[in-house]
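Peer 1: Here it is, the structure, as structure tokens.
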Amino acid sequence: MKFRILTILFIVFTYNSCRNDIGISSKYITQRVVIVVVDGPRYQETWNYKNRSFISNRNELSKEGVLFTNFKNTGITLTNPGHTSIVTGVNQNINNAGAQLPDQPSIFQYYLKEKGLPNSACQIIASKDKLAVLSNCLNLTYKNKFMPEYNCGISGLNSGYREDKETFKVALQTLANKHPNLVLIQFKEPDASGHANDWRGYVNGIQKTDEYIGLIWKYLQEDSYYFGKTSLFVTNDHGRHDDNVSNGFVNHGDNCNGCRHIELLAIGPDFSKGKVISNSYNQTDLASTIGTILGFKSYYSQGKTIQELLK
Ligand SMILES: [Zn+2]
Ligand SMILES: [Zn+2]
């Protein structure tokens with residue numbers, strides 16, 4: 169009897185001490201990370217455009233953070249492969265229609281496993297339904313376990329894309345109501361208008377998503393759960409063809425510089441302010457870097473921690 173009580177006490181004690189470890193394993197101030205993926209703009213219309221006039225909010229925010237001028241998709245320049253590289257750190261030739269799970273776990277699964285937090289601590293909120301596959305993987309240690317919550321497309325996988333303004337609304341509601349610690353928010357523009365050969369819609373999509381990013385950052389400053397301890401990463405899954413390649417801005421998917429060269433802006437308490445990094449990095453480095461900041465290891469990531477980003 170005595171032994172049983174001791175055993176139970178031991179279990180309760182070790183359980184609690186594990187829970188208390190949450191958040192103290194990292195030497196960084198950042199405790200929450202929000203990644204915003206703007207789907208498929210070309211660098212020449214974002215940071216390289218005259219006066220950066222299509223991304224005025226991001227340009228303003230860059231004074232408070234670090235801008236990468238040589239950030240690349242080094243895998244396959246399509247939506248699901250690009251996102252898979254960002255969240256798993258692995259460049260994988262994954263099906264682009266949402267018919268295949270990533271081979272390896274994502275930062276969400278690593279984080280939930282390491283920290284023992286409820287699924288709601290990680291959120292994937294996307295305009296494209298096919299990105300629901302980012303919530304799981306085939307690796308047997310992780311498959312169907314430690315899964316982030318997700319809210320993708322009209323109503324999940326195979327339900328179709330929804331409007332970005334809806335995704336923006338869901339994102340703010342989720343931040344306010346669930347207070348997740350690790351979040352990916354994806355907007356389908358300007359990719360959707362690009363494919364429709366709609367130049368005005370494409371430019372408008374860049375401007376509109378930039379507006380959402382400004383408002384997301386504003387929200388993160390106003391909610392005490394996020395203020396002062398949140399890092400924001402703004403990036404793309406892929407770019408689009410250079411003007412002299414195939415049908416130019418209308419499509420993407422090959423090795424041209426327009427498809428590969430993407431943006432990365434990082435703002436947070438552990439980063440410098442107003443710094444520009446011109447060394448070459450790629451999407452897989454994000455999975456490793458975010459792991460380092462939040463205090464977990466992205467075991468299968470092919471990338472590396474971007475040391476010069478960290479103060
Ligand atoms: Zn596309
Ligand atoms: Zn291309």
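Residues 169 to 479 (our numbering) are what the sequence shown spells out, left to right. Using N, Cα and C, we set each Cβ at its ideal position, and we do this for glycine too.
Run through the DSSP bridge pairs and tell me what G354 is partnered with.
Peer 2: It is Gln, not Gly, that sits at residue 354 in the sequence shown. DSSP, once it has assigned bridges, lists V205, A294 as partnering Q354.
Peer 1: Taking the C-alpha atoms as reference points, what is the distance between P286 and V206?
Peer 2: When rounded, the distance between both Cα atoms is 27 Å.
Peer 1: Identify which residue in P209, K283, L388 has its Cα closest to the Cα of W367.
Peer 2: P209
Peer 1: Beta carbon of D359: closer than 6 Å to some heavy atom of ligand 1?
Peer 2: yes
Peer 1: Looking at L325 and A294, is the spacing between their C-beta atoms short of 7 Å?
Peer 2: no
Peer 1: Taking 6 Å as the cut-off, is the C-beta of G442 nearer than that to any heavy atom in ligand 1?
Peer 2: For G442, the shortest separation between its Cβ and any heavy atom of ligand 1 does not lie below 6 Å.
Peer 1: Pick out the complete alpha helix (DSSP H) segments inside the segment 317-369, 4 residues or longer, and give them in chain order.
Peer 2: Within the segment 317-369, complete alpha helix (DSSP H) segments of at least 4 residues are found at 332-346, 359-363, given in chain order.
Peer 1: Helix, strand or coil for A267? Go by DSSP, reduced to three states.
Peer 2: coil
Peer 1: How would you write the range of the alpha helix (DSSP H) that S456 sits in, first residue to last?
Peer 2: Per DSSP, S456 belongs to the alpha helix (DSSP H) from 452-462.
Peer 1: Which first and last residues belong to the alpha helix (DSSP H) in which N225 is found?
Peer 2: Run containing N225: 224-229, per the alpha helix (DSSP H) assignment.
Peer 1: Report back the beta-carbon spacing between Q291 and E317 to the nearest angstrom; my notes put them in contact at under 8 Å.
Peer 2: 5 Å
Peer 1: The beta strand (DSSP E) that contains S399, what's its start and end?
Peer 2: 398-403
Peer 1: Give the range of the beta strand (DSSP E) segment to which V234 is assigned.
Peer 2: 234-240 is the span of the beta strand (DSSP E), which, as asked, contains V234.
Peer 1: In angstroms with no decimal places, state the Cα-to-Cα distance between I244 and K441.
Peer 2: 32 Å
Peer 1: From E346 to S288, what distance separates their C-alpha atoms?
Peer 2: For the sequence presented, residue 346 should be read as Lys rather than Glu. About 7 Å.
Peer 1: For the segment 420-430 against the segment 217-230, do three or more pairs of beta-carbon atoms, one drawn from each stretch, fall closer than 8 Å, so that the two count as touching?
Peer 2: no
Peer 1: For L383, which three-state DSSP category applies?
Peer 2: helix
Peer 1: By DSSP, does K479 sit in helix, in strand, or in coil?
Peer 2: coil
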